[in-house]
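Engineer:
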Amino acid sequence: MQKVVEFKTRNFWSSQLNLDTLNEEIKKYNNQSWRVIQVTPAASFSAHIRSVLLLLEKSNG
């Protein structure tokens, strides 16, 4: 099974991610047996990173 999760930047005016919070979220998913397959930046029309998309995978068995 796979799913995509969006992790947004700190606020609308900033393109910086809170890496500590992102790592905490990834740990939560890891504790639920999800693993990160891919991380993709999502940019706004002005080319600022507005979020990252995490592709997660969990084995069915």
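Be aware that the sequence shown starts at -14, since it is given in my numbering, and climbs by one per residue.
Positions of the beta carbon are idealized from the N, C-alpha and C atoms, including for glycine.
This structure is a prediction, so every number in the text was calculated from the model and none was measured.
#1: Which one of Leu38, Glu9, Glu10, Phe30 has the shortest CA to CA distance from glutamine 23?
#2: To the nearest angstrom, how far is it from the Cα of tryptophan 20 to the Cα of asparagine 8?
#3: DSSP three-state call for threonine 6: helix, strand or coil?
#4: List the residues that DSSP assigns as beta-bridge partners of threonine -6.
Structural biologist: The short version:
#1: Leu38
#2: Checking the sequence shown, residue 20 turns out to be arginine, not tryptophan. The straight-line gap from Cα to Cα measures roughly 12 angstroms.
#3: helix
#4: DSSP lists no partner for threonine -6.
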